[in-house]
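Participant: Chains as they are written, first to last, in full-length UniProt numbering: chain A, 1 to 1165; chain H, 1 to 330. Quick one: this structure, given as C-alpha cells, is what I'll be asking you about.
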C-alpha cells in the first residue's frame, strides 16, 4: 500500500529542509491521494510548488474530499472504533478456524448413495439432512456423494479487514469449495445441485460433530435466509477448553461453494429457466418456459464466492479508501436496519462492497467508471449512495460488462446491478419495498450531506434511524396466523413472499400519495439444531408494516379516479375498490370515479379506513380483522391533536379571525394623532402553539389576553426621555380607548398598568375584548426606546445600578417588541407549511407542563426545540404527525449536551415535506460563517459565566443570533435544565423499550412478549410529586380545572369594585400571581414547579446551599433559625451560633400568603 | 449586650444542638409565635420566627439613628402597621415614628441617576421613605403624589430574611423598647406576630382591580407628570450646560449631550472612520496588483485553513473527552 501521491510529497519535504513542514504527512490520511496532486507536480517553481502542495494537504479536508474538518476527524475516529483489532481477542476464533479446517480435511470421502439411503444413514448419525423445499423425490435417479473439498478458505469481510465490531458480534465466514467430481453437468436443473449441496453439508456437520478431539456447537442456518442455501454455523462450545472461542464474541459460518465453470454460465443467466415443470421435458418446446432468475442467481452466487473474494481484494489494493468506504457503508446500513438476508431487504454489507467494487471499474461502452479510485472514503461513500438514490435500477438496469443480456419482463421489475464477469445480479435478493426504502434512505442522507452549514456526522452514522416510532407515522401489525398459510407446507416461504408482495402492491395502489414510504418487517429466522429438520415458523409472530405519511395528503377525504368516459380504466378502478367506488360530479364539472372517506372526529383516521377496507377486499377478512393499526398514538393527549383534513391549525382559526377583525377596526379609527403603522401578533395563541386552543373570555377568564404590539408612524413630537415616553404611551392608549368605544361600542376596553418597579420600561397596556369574545392586549412599540437605552448603557456618567437597569430594560424591550413579534410571524408561516408542527409543539408543551417544568422555559424556547426537529430533521424526513414530531424532539433533547452545544435554528432553510422531491433544494439558509459566529458567541458566554448562573441554555436563530433572548437570567436554571434532560432520557428509554417490545412481537420470543403489556402513551406524561420537598395543594375552587362554574361569583365581585366601568374579567389568574409572589419573596432559596394548565398543586425544592447549617449573617437572604453548634473539637467544647433555614416558619409564611388558596401543605423533606 | 452571661443558662445540656440561643454576635434574638394555620403539617404547627435585634448603629450616624433599632430577619409580611402594633401592644408600648425596610415586593421603582448627582444627605439608606427633594435625576422626574401612577398592589411584601430600621418617636421610647425586649427574652414571655394585611386571595383580587385604574385618574397623573417633566428637563439642561463648560480636576471638560452644534459622538466618529477607510480602499491600489500581495494573500489563506483545522481538531478532541469514543447507537 504505497500510493504514488504521498510518497512524492514525503520526498519533497526531505529535500527542502524547511522548519515549517512539520506534521504535514501526519495530517494526510489515505484520503489525500486525490487526482489533484498530480497536476501540482508540473509546476516549475519548486518553492512555490511546495507551498501550494501543502495548502492542498491542509485544506484538503475543507474541500469536497471530506465534508469538513469536523466530519473528517469524526469519521477517522469512528473507523478506528468499529474496526476489529485483529489481535488477542480474535485469536481464539482464528485458532478455531484452523482447527475446523484440519477437521474438514480429514473427513473421509463417502461413496455415492441414493437419497433415501442417505437419509437413513444420517438418522443414525443424529443429523437430518437440510434439504431445501420442495423436498427431493424419493425415486430420484441421481446419487449423493461426498469427496474431500477442493479448498477451504476464510472469506467475507473478516479476512478483507472490512468487518465492523457491532453489538451482535462478528460472523466469520469459512468457505468450503466442493470438488467438481461431486456434480454432473445437468445438476443445475430442478434443485439437484441444492440437494447434493445439502447432503455435502450434512457430511461436514457429521464430521465436525463426530470429531472427538475438538468440541464445537454445530447448527444449521440458511445463508441470508435463503432456504436453498443452508449453511453450518459453529458456535463456541463455552467449555473454556482449547477450542472455545467465546471470548472472541463471534460465530463461524461454514459456507459451501462450487468451482466456477462447473455448469455453463449461459444457463444461469437471469432469463433462463432452470426449474422445469413437473409434466416432463418434452412439452417445453411449444411454450417458452418462464424464467427463474432467483433460482439462477442463488446457484450462481454459490459459484462466485471465491470470485468475489478476489474482486474485493483486488479493489482493495487498487483503491486505498475502498476499505474505509466499505466500513462507512456497513455502519450506514446497520443504522438503517438493512441486511443481506432476504427478509431484511437483501441489501447488506456484501452487496454494498460488491456494488462499490463494480462501480469502481470502467464499464466498456458506458464511458468511465462511476467511481474513481482516487476518491476519499467519504467521496466513495457519498457517490455510492448517490448512485443508489438517483439511478432507477429496476427501470434501467446497470449492466456491467455483459453486452448481450436480456432480462425477463415482469410487471414489477426487480432492481438489477448485473456483474457480467461473475454473471450475477448483485441485487437479486431485493424486494420492491426494500429497494424503495433503500432509495429513500439514500436520498435522505444525500440531502443531509449536501447541507454544509451544520455537522451531520451524527445523523449519518451514529443515530439508529430505524426506531419505529421515530421513523414512521403509522404501523400495521399483521399476525402471521391471520394470513392463513400452512407453515408446514413446502411452498410456505414462497407463499409468504407472494402474499407480502400482494399486500405491498395493494397498499401502494390504495394509498397513492398519502404515504411516502412503506416498509415491511418480516420475522427473522433462527438457526436450528442439526439433529432436527428446519422448524416451521411460529405463527404467533407478526409482520409489521410501517408507513410514513405525507401530511398534506394523508387525511384527504376523496380519492379521484379516472373519468367516467374512460371505460377501461374506470372498470379497473371499480374492480379495485368494489362497492366503495362511486361516480361523482365535481365542482369543475368533471364526472369522475371516486372513493370517499369519513373525516368525522369520531371515525377512525382515514388511513385506517382505507387499509382495513383494502385488506378485507383483497387479502382476506381474517387478515383485516386481526390486523392492528397504530397511528399518531400520542395525538389524543392534546385537544385537536390529529391533523384534520388538510390543516393542523383549524382549532385556532376563530381566534385568528377575531384578530383580523380587531386589526381592521383599529386601523379604521379616525382621529388618532398618529396613524397606525403595524399591528403585530406577539402571543403563542396567535402562532398556533398553545396546548389548548384559544377560547373566548366567556368560556374562560383565567387566560391573560393575547398580546399584540402596535406601532404608530414616526414623529418628532415624542419626548426624548424613556420615562416620559412610557407616559406618552399611556396617553395614546387612553386616546385609543376613547376612539374605539365611540366608533365600536360593542368592544370593551380598559387600560391596565404593569412593571411598577421599572419606570423606564413599558408601564401600561390596553385590554380589548372583541364582541366575538376573544381578548387582546395591546402594547405600544416606540423604536426610539432602543436608542435611548443603548445610549444610557454607554453613558459613563450614570451610576452602575442605573446602567444595569438600562441593560435589563434593553433586553426586555428587544424581546417583547422585536423578537417575539418576529418569532410569531415565522411560526405562523411554518405552522401552515408543516401541518404537523403545531400539534407537535403543543404536545411537547404538554410534556413540559405535566412535568411541572413549563414555567421555567419561555414558550419561544420550547417552540424552537420543536421547530428544530422540523427544519433539521436529519436523519429522518420532516415529521408528518404530532407523535413523530414530539418524539424526535424529546429524543434530541435527551441527546442535547447543552453545556457544550448551542441550539441553532435556521428558519430560512427550506426542506420539502415529501422526501421524494428533494432535488430542488437551493443554497438558501444560513452560511457556515453565521453558525461560526453563533458558536463564538456561545463560547464567550461559557467563558464569562462558566458556572452557568446567568445563561444555561443557549438558543440562537438566523433572526436572532444573540442566543440568550429566551434563556437569559437563568431561565431555566441549571438544575431545571438537567432535570429536563433526565426526563427526556427517561422518555426515550421508555420509547426504546416499546420499540423492542414491538420488534419482539415480530422477531423475538413470543412467550416473552405475551407478558408485556401494550404501551400507554400517557405514561410519558406522568410526574411524581413525592420527589419534591414541599407540595402546596391548592383549593380546587381557584385552580383552572374548575374555572367555568365558579367564575361568575368573581365576576360580580369585580363589577362592584370597578363601579361597573367594565364588565369583563380577563386574565385573572390568582395562582399565577401567588407563585410570582413566592418567587420574589424567596428568591433562589426555594425553586418552584407548577403546571399552569392544571393548578392543583405547586411543588418546591430547597436550594441545597440553603438547607444546611451556615454561619450567622445579618442578611442571609432567607428566613433563618439560630442554633447552638458545638465545635467539633471535644476538648474545647466551644459553642457558636449558626443558622439554618427556618422551614417551619417559611411554611407558616406560605400558609399566610396563600390564605384560602391553599388547602394543605405537605412537607417531604 | 453581655453575650457570655446570657449563654450560661443553656450551657449544661449535653446535646450537640442545644435549645435556641438568645444572642448572636451583638444581636439579641427574639422568638415570635406565629399565627396558626390549619393547612400546615403538624410538625410545623408550633414553629417560631426569630428576629435579630440591636440598637441601630450605622457607620455614619444620622439624626434618627440614636432613636432607632435595627432588626434582621423580618417576616415577609412585615409592614408599618404590624410592627407598630408589635411594639405598642406587646413590647412596652413604645411609639414608633416610622419603619424603613430594605426591600419590597414589588421592588421600589429605581430611578436612574448620575454618579455625582446622587448623594443622599447623611448616608440615608435607600428606603421607601427617602426624602423626595427636587434632586435632578438622569431621566424622568422624581414623582410626587400627583404624578405617580396609581399603585397596583395594596400592600408590599418583604424579601425573605430582610432587614428593617425602626425609628421611634424619641430616644426614651427606643431605650424602653430595647429594655422590654431583653426582659421578654429573660422571662421567656410569649410574643406573637400579627399577620400582615390583605394576604391570601384578597391580595390578588384587589390587585386585579388596581391594575385597571379609572381613566380620569390615569389622565390626571399623566398630565401632572408631563408638566413636571418639562420642568425637570429644563433643570437637566441647565446641569448639562454647566457640565459642558466646567473643567474637572484634571482640567478636562466633559463632553455631554446638548449644546448648540452638539459635540461629536464616538459612534459617529467611528462610523466615519470606517467609511473613510473603505473609500481609500476603493480608490487605492488593488490588492492583487503586486506579486507580494498575492503571495501574502495565499499565505494568509493557508494559515487560516491551518488554524481552522487545528480548532476543529481541538473541538473533536474535547468532544471525545466529554462523551467518550464515538460508537454507533444500538
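For glycine and all other residues, C-beta sits at the position ideal for the given N, C-alpha and C.
1. Counting along the chain, where does the alpha helix (DSSP H) carrying residue 295 of chain H start and finish?
2. Can at least three beta-carbon pairs, one atom from the segment 140-159 of chain H and one from the segment 200-217 of chain H, be found at a separation below 8 Å?
3. Would you call residue 169 of chain H buried or exposed, if buried means 16 or more other Cβ atoms sit within 10 Å of its Cβ?
4. At which residues does the alpha helix (DSSP H) containing residue 298 of chain A begin and terminate?
5. Here's a check: name, in chain order, each residue in its chain whose Cβ is nearer than 7 Å to the Cβ of residue 539 of chain A, leaving out the five neighbours to either side.
6. Using alpha carbons as the reference points, say which of H:110, H:69, H:193 lies closest to residue 800 of chain A.
7. Is residue 112 of chain H near the ligand SAH - that is, is its Cβ less than 7 Å away from at least one heavy atom of it?
8. Between residue 1015 of chain A and the rest of its own chain, which residues show a CB-CB distance below 6 Å, the 5 nearest in sequence each way excluded?
9. What residues of chain A sit near residue 294 of chain H, judged by a beta carbon separation below 9 Å?
10. Give the secondary structure of residue 650 of chain A by DSSP, where H, G and I count as helix, E and B as strand, and everything else as coil.
11. Under 8 Å between C-beta atoms, does residue 213 of chain H make it to chain A?
12. I'd like to know whether the C-beta of residue 229 of chain H is nearer than 8 Å to at least one C-beta of chain A.
13. Nearest by alpha-carbon distance to residue 230 of chain A: which of A:239, A:244, A:132, A:981 is it?
14. The alpha helix (DSSP H) that contains residue 172 of chain H, what's its start and end?
15. Along the chain, where does the beta strand (DSSP E) that runs through residue 1158 of chain A open and close?
16. Check whether the Cβ atoms of residue 381 of chain A and residue 450 of chain A lie closer than 8 Å to each other.
17. Are the CB atoms of residue 226 of chain A and residue 298 of chain A within a distance shorter than 8 Å?
18. Express the C-alpha separation of residue 615 of chain A and residue 1156 of chain A in angstroms, rounding to a whole number.
19. Enumerate, from N- to C-terminal direction, the unbroken beta strand (DSSP E) stretches of 3 or more residues contained entirely within the UniProt domain "Nrap protein" (469-619) of chain A.
20. Would you mind working out which of A:1036, A:548, A:779, A:116 sits nearest residue 433 of chain A, comparing C-alpha positions?
21. Within 8 Å of any Cβ in chain A, is that where the Cβ of residue 155 of chain H sits?
22. Using a C-beta cutoff of 8 Å, does residue 41 of chain H count as contacting chain A?
23. Between the segment 786-802 of chain A and chain H, which residues of the former have CB atoms less than 9 Å from a CB of the latter, in chain order?
24. With 16 as the cutoff for other CB atoms within 10 Å, does residue 908 of chain A come out buried or exposed?
25. What alpha helix (DSSP H) runs, 4 residues minimum, are completely inside the segment 945-1032 of chain A?
26. Would you report the Cα separation of residue 1049 of chain A and residue 86 of chain H, rounded to the nearest angstrom?
27. Considering only residues of the same chain and omitting the five flanking positions on each side of residue 475 of chain A, which have a CB-CB separation below 7 Å?
28. Mind checking the segment 198-211 of chain H against chain A and listing, in chain order, the residues whose C-beta falls within less than 9 Å of any C-beta there?
29. Which two residues bound the contiguous beta strand (DSSP E) that contains residue 823 of chain A?
30. Given a limit of 7 Å on CB to CB distance, which residues of the segment 54-77 of chain H reach chain A?
31. Using a Cβ-Cβ cut-off of 8 Å, state whether residue 86 of chain H counts as contacting chain D.
32. Assuming residue 180 of chain A is part of the alpha helix (DSSP H), what are its boundary residues?
33. Using 8 Å as the limit for Cβ to Cβ distance, is residue 326 of chain H near chain A?
34. Out of A:357, A:537, A:472, which has the shortest C-alpha to C-alpha gap to residue 493 of chain A?
35. Counting only Cβ pairs nearer than 8 Å, list the residues of chain H close to residue 451 of chain A.
36. Nearest chain A C-beta to residue 33 of chain H closer than 8 Å, yes or no?
Facilitator: Answer, in terms of the structure:
1. 291-323
2. yes
3. exposed
4. Residue 298 of chain A -> alpha helix (DSSP H) spans 293-303.
5. 480, 481, 487
6. H:110
7. The ligand SAH is absent from the structure shown, which contains no ligands of any kind.
8. 994
9. In chain order: nothing, as chain A lies at least about 11 Å away.
10. helix
11. yes
12. yes
13. Among A:239, A:244, A:132, A:981, the Cα nearest to that of residue 230 of chain A is on A:132.
14. 171-187
15. 1158-1163
16. Contact annotation: residue 381 of chain A and residue 450 of chain A have beta-carbon atoms that are not nearer than 8 Å.
17. When the beta-carbon positions are compared, residue 298 of chain A and residue 226 of chain A come within less than 8 Å of each other.
18. 60 Å
19. Within the UniProt domain "Nrap protein" (469-619) of chain A, the complete beta strand (DSSP E) runs of at least 3 residues are 474-479, 515-521, 542-549, 558-563, 582-585, 591-596.
20. A:548
21. For residue 155 of chain H, the answer is no, since every Cβ of chain A falls outside 8 Å of its Cβ.
22. yes
23. 788, 791, 792, 794, 795, 796, 797, 798, 799, 800, 801, 802
24. exposed
25. Listed in chain order, they are 974-1002, 1006-1011.
26. Because residue 1049 of chain A carries a pLDDT of 40, less than 50, the predicted location of this residue cannot be relied on, and the following value inherits that uncertainty. So the two alpha carbons sit approximately 37 Å from each other.
27. 468, 544, 545, 546, 547, 630
28. 199, 200, 201, 202, 203, 204, 205, 206, 207, 208, 209, 210, 211
29. It is not in any beta strand (DSSP E) - residue 823 of chain A instead sits in the alpha helix (DSSP H) that spans 820-833.
30. 72, 73, 75, 76, 77
31. The chain inventory of the structure shown lacks chain D, comprising the protein chains A and H.
32. That residue, residue 180 of chain A, is in no alpha helix (DSSP H); it is neither H nor E in DSSP.
33. yes
34. A:537
35. None at all; the shortest Cβ gap to chain H is about 17 Å.
36. no
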